[in-house]
Amino acid sequence: MIYQKCGFRDKSTFYKILACAIAFLLMAAPAHADVGEGPYLTFSGTINSYEDTDLLDVTASLPEYIQAAGSFLEIDLGLGFNHSVGYSFGSAFSMEVEFSSQGGQFGRACSSTGCAEGQKSKLDGDIETKSLLVNAIHFFNSSEPLSPYVGYGVGTAFHEATLDSHEDGAQTTFAYQFKTGVNLKMNQHISLLMGYRFFTTDQPDFGFFKADVTTHSIEAGIKYHF
């Protein structure tokens with residue numbers, strides 16, 4: 168599997184980047200740039216912070232201490248991207264179809280009592296999730312250059328995972344997300360996006376274990392209005 172590895176290990180970095188990026192957008196707001204009804208494209212990159220994932224149905228070939236109930240897996244911060252095609256209905260509401268991809272490398276596997284120190288507890292593998300969602304988005308103060316927004320999306324996610332000495336696992340599940348952020352209008356055609364996403368899915372079964380997939384993401388990108 169191809170995945171993008173991110174070197175961040177301290178998850179507090181995730182929140183510092185988000186705060187600095189939003190502050191930059193607030194200071195960079197341009198003069199009024201009206202954007203009306205019509206189609207648009209977006210492309211954005213993300214930094215994804217994975218929630219610790221509960222492990223179920225763990226294969227007997229993995230360490231015994233994570234086969235008991237309550238075991239969980241840490242996943243390192245990863246990178247991803249989102250691409251959408253949408254339509255703006257006037258100034259306050261949009262609908263879009265979005266394709267996204269995100270991935271991360273497995274970290275420590277832990278028992279219900281906690282995580283052991285050292286490399287013995289680290290699993291050699293990674294996970295990649297590709298999703299296709301339909302999003303509904305509402306904009307506030309849309310007549311202004313800087314417009315906050317909220318959105319909700321539902322669809323499907325295709326998960327792939329690799330684990331050393333095991334066959335690759337894959338499964339498609341239901342997925343949904345909540346996102347919020349700001350849309351900065353630069354001119355009639357170009358806007359900049361900055362926001363936060365909460366993304367989660369039904370639990371995929373990879374064969375060697377079942378694992379939750381839930382991420383919190385910083386998003387930054389560009390939107391082109393036709």
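Residue 365 in the numbering used here sits at position 198 of the sequence shown, and the numbers go up by one each step.
Ideal Cβ placement from N, Cα and C applies to all residues, glycine included.
These numbers come from a predicted model, not from an experiment.
- Straight across, the Cα-Cα distance linking Asn350 with Met361 is about 7 angstroms.
- Counting C-beta pairs with one atom in each stretch, the segment 297 to 305 and the segment 275 to 282 have fewer than three that are closer than 8 angstroms, which means they do not touch.
- Contact between the segment 246 to 254 and the segment 328 to 335 is absent: fewer than three C-beta pairs spanning the two stretches fall below 8 angstroms.
- The shortest C-alpha to C-alpha distance from Glu311 to any of Lys352, Glu218 and Phe393 is the one to Lys352.
- Counting C-beta pairs with one atom in each stretch, the segment 221 to 239 and the segment 260 to 273 have fewer than three that are closer than 8 angstroms, which means they do not touch.
- DSSP places Glu334 in the coil class of the three-state scheme, outside both helix and strand.
- Rounded to the nearest angstrom, the Cβ distance from Leu244 to Thr220 is 14 angstroms, too far for a contact under 8 angstroms.
- Assigned with DSSP and collapsed to three states, Ser310 falls in coil, not helix or strand.
- Nearest neighbour of Glu218 by Cα position, chosen from Lys390, Phe345 and His383, turns out to be His383.
- Going by C-alpha positions, Thr339 is about 18 angstroms away from Gly247.
- Annotation for Pro206: the continuous beta strand (DSSP E) segment containing it runs Gly205 to Tyr217.
- Between Ala324 and the set Lys346, Leu223 and Ser267, the nearest pair of CA atoms involves Ser267.
- At a Cβ-Cβ threshold of 8 angstroms, Gly374 and Tyr363 do not count as neighbours.
- With fewer than 16 other Cβ atoms inside 10 Å of its own Cβ, Phe345 counts as exposed.
- Taking C-beta atoms under 8 angstroms as the contact rule, Leu222 and Ser211 fail to qualify, at a distance of about 31 angstroms.
- In the DSSP assignment, Gly270 falls within the beta strand (DSSP E) that extends over Phe260 to Cys277.
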